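Visitor: Chain order of the listed sequences is A and B. So that you can map any letter, position 59 of the first sequence is 59 in the working numbering, and since no number is skipped, the others follow by simple counting. Heads up: take any position in the second sequence, counting from 1, add 1000, and you land on the working numbering.
Protein chains: 2
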Amino acid sequence: MPEPFAFRLTATDGAARTGEMATPHGIVRTPAFMPVGTQAAIKGVHHDDVRAAGADIMLANTYHLMLRPSAERVAALGGLHTFMRWPHPILTDSGGFQVMSLAALRKVEEEGVTFRSHLDGAMIELTPERAIEVQILLGSDIAMQLDECVRLPAERSEIERAMNLSLRWAERCKRPFEKAAIGQALFGIVQGGDDQNLREASARALAAIGFDGYALGGLAVGETQEVMLKVVAETAPMLPADKPRYLMGVGTPADLLEAIARGIDMFDCVLPTRNGRHGLAFTRNGAINIKNARHAEDPRPLDAESRCPAARDFSRAYLHHLFRAGEALGGTLLSIVNLYYYQDLMAGARTAIAAGRFADYLALTREQWAAKGDRRGRDHEC
Amino acid sequence: MPEPFAFRLTATDGAARTGEMATPHGIVRTPAFMPVGTQAAIKGVHHDDVRAAGADIMLANTYHLMLRPSAERVAALGGLHTFMRWPHPILTDSGGFQVMSLAALRKVEEEGVTFRSHLDGAMIELTPERAIEVQILLGSDIAMQLDECVRLPAERSEIERAMNLSLRWAERCKRPFEKAAIGQALFGIVQGGDDQNLREASARALAAIGFDGYALGGLAVGETQEVMLKVVAETAPMLPADKPRYLMGVGTPADLLEAIARGIDMFDCVLPTRNGRHGLAFTRNGAINIKNARHAEDPRPLDAESRCPAARDFSRAYLHHLFRAGEALGGTLLSIVNLYYYQDLMAGARTAIAAGRFADYLALTREQWAAKGDRRGRDHEC
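This is the structure:
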């Protein structure tokens, strides 16, 4: 019988928090960044490198896995941890977000969402109960409620409708989860778009139902960073202080630190790997587009002082060559560089918060972000 | 001043030989298999994994590198070893084979070959002297003469013309090489197609010129395995016994052991990585097409007893999923599995020859090959 889920705050610094989540597959230090293993694999990167980068937890996408290889097959093969040989914590989303962004002919009704699979055209129904069943079959450490996410900007009435539907789905997720889950955690998802009254109503109603953690959904879906951070700043304080807070699908290094400053504990984003595949490296010296011709004869590594071998051992000229030559190794190496960068950013935040110096840490690194200004990839994996 | 190239036979067993080549960047144990780093990278595989698999030496393609990033740029960046961060031995081909197979509008004349770059359409001339200049700029440990390779079947007159041209080019390669190379080795290439008289003439003429090693070119270019092995068996004895013998662009595991039995010391082939990317794994239990539906629910690893972590740690079901889902990690893992398999095959051959038991080793592994029957990839990297 695995240890049940537990969250413990170890320090706060203003609104910023640091702590530990205990899960059946190990400890997750927060603030935590979760690399996205969409189809039970981080694109182009070996699990061992993901782990070596410092990831305590990985995210996997329910939508993709329920379609292929199917939750039932993963369960028959021992669950997601055994299937993919990642013995550490895993969070699964509910599948709702990808239904909205990937599937054709989707129909959202009270009962759930019906959609046509983008793989074989089959009509599939995803209800709150099925989303929980699938995630229990996958055996993730943290499951997410099914919700409806609305792209911004949107009419208030549409945001409100989706928010209220998500609340009713939250209740419907909790019941079957409580009956069947062993040691797993279930997170509710706050919706309400950029309307603070709706966000507050959603947060308070979810807290009344009671979840192991609370996510902010429906952000990084088209709004500005300013709007996103305003929603985060105003919504986080309405959530139970003793539970983890997860900002879904976010974001750039700047987004992460700013959200931590406003009380967020967890993040996931495809940005480090997607940008890595496209030739953009995050380093302490700023973002580097390695495909740029100015790197073609540069013998320097991306960062000679980095903890990451790929950032230290290969010249910019060689990495540039790999991208120009279409060698997949280039995307792999830059993805690894970025995963290390994100994990080091989180480790730095944890240390700073514990020392009561998060404001200094934020100020110290802010200059780098200003130079980067790259917000591509602030969306979810599709 | 690096140690000059040297070859030392340590044991023979029938026609099979085992020994060591000393190069400026380290020892190469023979029989040796050279993974192909076409563009200064093994496709989809990190150098560290190539090395861990057991590779003493890597091959890089002069044709590709002279076009991108250019030999001059590689030289400015410290040579190929420094550029790609592979501090171990490297063999470069002369570029001739890819000119024949990749470039449009090629024109072979006495002076050399003129071709249109497949990258930018520029007209480029590759003479024997330039092929040597480029390889000295790249700084490989072993350079190859420029030759003309004829696809089989072909008219005897055409094979003879190309063989004689290759001989004249061999002489023209040796002169500038002797002036400029420091510690590097230069190999001549025996041509002559499937005509044994021509092969003998080529071998004897090359030996009279005198090279550090001798390659058999113009094989694995359309002929049957039977024809190839006949040429190998009849040509190898005509080459100086105290120099390494290299069968270019070969081959399957069966090809390799059969050629070792006939006196070959070195091989290169894209087959382990190309087949790996396409879902075909070589294991001690035979070849496995991981995309086959029968693996979809198989929890067994490819080979629980393998020295290769990828063969041991991941289930066939997971590897199958990665290929079905189009995750690049699948191709990477199977490429690694195959590189280990090839290196283990060579290590086994070396041990068997040293023990005077190569016939037993060959008999023991032959059964596996019969089941495989896969000869895709017995061609060179294009």
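Where a beta carbon is used, it is the ideal one built from N, C-alpha and C, also for glycine. Just so you know, these numbers come straight off a predicted model, no measurement behind them.
Mind checking the region 80-94 of chain A against chain B and listing, in chain order, the residues whose C-beta falls within less than 7 Å of any C-beta there?
Guide: Going along the region 80-94 of chain A in chain order, one finds F83, M84, R85 with a Cβ nearer than 7 Å to chain B.
Visitor: Using C-beta distances below 7 Å, list every residue in its chain close to A:T365, excluding the 5 sequence neighbours before and after it, in chain order.
Guide: Hits under 7 Å: L257.
Visitor: Candidates B:Y1361, B:V1232, B:I1209: which alpha carbon is nearest B:G1217's?
Guide: Of B:Y1361, B:V1232, B:I1209, the residue nearest in Cα terms is B:V1232.
Visitor: Around the Cβ of A:N292, are there at least 16 other Cβ atoms within 10 angstroms (buried) or fewer (exposed)?
Guide: Answer is exposed; the Cβ neighbour count stays below 16.
Visitor: Distance, Cα to Cα, A:A287 vs A:A208?
Guide: Approximately 43 Å, taken between the alpha carbons.
Visitor: List, in order along the chain, the chain A residues whose C-beta lies closer than 7 Å to that of B:G1276?
Guide: None at all; the shortest Cβ gap to chain A is about 12 Å.
Visitor: So, with DSSP's three-state summary, where would you put B:P1176?
Guide: Helix at B:P1176.
Visitor: Give a yes or no on whether 8 Å exceeds the smallest Cβ distance from A:P299 to chain B.
Guide: At least one chain B Cβ lies under 8 Å of A:P299.
Visitor: Three or more C-beta pairs closer than 8 Å, one from the region 62-77 of chain A and one from the region 137-146 of chain A: is that the case here?
Guide: Output reads yes: the region 137-146 of chain A touches the region 62-77 of chain A.
Visitor: Give the residues of chain B in contact with A:D44, contact being defined as C-beta atoms less than 9 Å apart.
Guide: Correcting the residue type first, residue 44 of chain A is Gly in the shown sequence and not Asp. Per Cβ cutoff of 9 Å: G1044, E1327, A1328, L1329, T1332.
Visitor: Which bits of chain B does A:L322 rub up against, with CB to CB less than 7 Å?
Guide: Those within 7 Å of A:L322 in chain B are A1041.
Visitor: Please tell me whether A:L302 has its Cβ less than 8 Å away from any Cβ of chain B.
Guide: Not an interface residue.
Visitor: Classify B:M1248 as helix, strand or coil using the three-state DSSP reduction.
Guide: B:M1248: coil per DSSP, three-state reduction.
Visitor: If the cut is a Cβ gap below 9 Å, which residues of chain B does A:R68 touch?
Guide: Per Cβ cutoff of 9 Å: H1321, R1324, A1325.
Visitor: Could you have a look at A:V36 and say whether DSSP puts it in helix, strand or coil?
Guide: Of the three classes helix, strand and coil, the one that applies to A:V36 here is strand, per DSSP.
Visitor: 8 Å is my cut-off, CB to CB: does B:D1383 come that close to chain A?
Guide: In this structure chain B extends from 1001 to 1382, so residue 1383 of chain B is not present and cannot be described.
Visitor: I need the DSSP call for A:G377, collapsed to helix, strand or coil.
Guide: Reliability fails at A:G377, whose pLDDT of 34 lies under 50, so the model's placement of it is uncertain and the value that follows must be treated cautiously. It is coil, neither helix nor strand.
Visitor: With 16 as the cutoff for other CB atoms within 10 Å, does A:D120 come out buried or exposed?
Guide: It counts as exposed.
Visitor: Identify every residue that forms a DSSP beta bridge with B:F1007.
Guide: Bridge partners of B:F1007: B:M1021.
Visitor: I'd like to know if the region 1092-1108 of chain B and the region 1174-1182 of chain B are in contact, where contact means that at least 3 CB-CB pairs between them fall below 8 Å.
Guide: With the cut-off at 8 Å, the region 1092-1108 of chain B and the region 1174-1182 of chain B do not touch.
Visitor: Please report the residue range of the alpha helix (DSSP H) in which B:E1072 lies.
Guide: That run of the alpha helix (DSSP H) goes 1071-1076.
Visitor: If you measure between the beta carbons of A:G95 and A:T62, is that distance less than 8 Å?
Guide: Yes, they are a contact pair.
Visitor: Could you tell me the alpha carbon to alpha carbon distance between B:D1049 and B:H1088, rounded to whole angstroms?
Guide: Between B:D1049 and B:H1088, the C-alpha separation is close to 14 Å.
Visitor: Excluding the five sequence neighbours on either side, which residues of its own chain have a C-beta within less than 6 Å of the C-beta of A:L167, listed in chain order?
Guide: Counting only Cβ-Cβ distances below 6 Å, and skipping sequence neighbours, we find A205.
Visitor: Once you ignore the five residues that flank A:E297 on each side, which residues in its own chain have a CB closer than 8 Å to its CB?
Guide: Contacts found: A317.
Visitor: Compare the C-alpha of B:L1271 against each of B:R1324, B:N1338, B:R1284 and name the closest.
Guide: Of the listed residues, the one whose Cα sits closest to B:L1271 is B:N1338.
Visitor: Using the beta-carbon count (16 or more within 10 Å), is B:N1275 buried or exposed?
Guide: Under this definition B:N1275 is a buried residue.
Visitor: Cβ of A:Q191 within 8 Å of Cβ of A:A162?
Guide: Cβ distance < 8 Å, so A:Q191 and A:A162 count as in contact.
Visitor: Does any C-beta atom of chain B lie closer than 8 Å to the C-beta of A:R175?
Guide: Judged by the 8 Å Cβ criterion, A:R175 is not in contact with chain B.
Visitor: From the DSSP output, read off the bridge partner residues of B:G1276.
Guide: B:G1276 pairs with nothing; no bridge assigned.
Visitor: Suppose you measure from the CA of B:I1027 to the CA of B:A1180; what does that come to, to the nearest Å?
Guide: Near 23 Å, if we compare the C-alpha coordinates of B:A1180 and B:I1027.
Visitor: Using 8 Å as the cut-off, can you tell me whether the region 36-47 of chain A makes contact with the region 1329-1344 of chain B, which would need three or more C-beta pairs spanning the two stretches below that distance?
Guide: Taking 8 Å as the limit for Cβ pairs, the verdict is that the region 1329-1344 of chain B does touch the region 36-47 of chain A.
Visitor: Does the beta-carbon distance from B:D1265 to B:G1079 come in below 8 Å?
Guide: Not a contact, by the Cβ cut-off of 8 Å.
Visitor: Taking the alpha carbon of A:P309 as the point to measure from, which residue in A:K230, A:D344, A:Y340, A:F282 has its own alpha carbon closest?
Guide: Taking only the C-alpha atoms, the option nearest A:P309 is A:Y340.
Visitor: Starting from A:G348, trace the alpha helix (DSSP H) both ways and give me its first and last residue.
Guide: 328-354 is the extent of the alpha helix (DSSP H) around A:G348.
Visitor: If you drop the 5 nearest sequence neighbours on each side, which residues of the same chain put their C-beta closer than 6 Å to that of A:A53?
Guide: Taken in chain order, the residues that qualify are L339, Y340, Q343.
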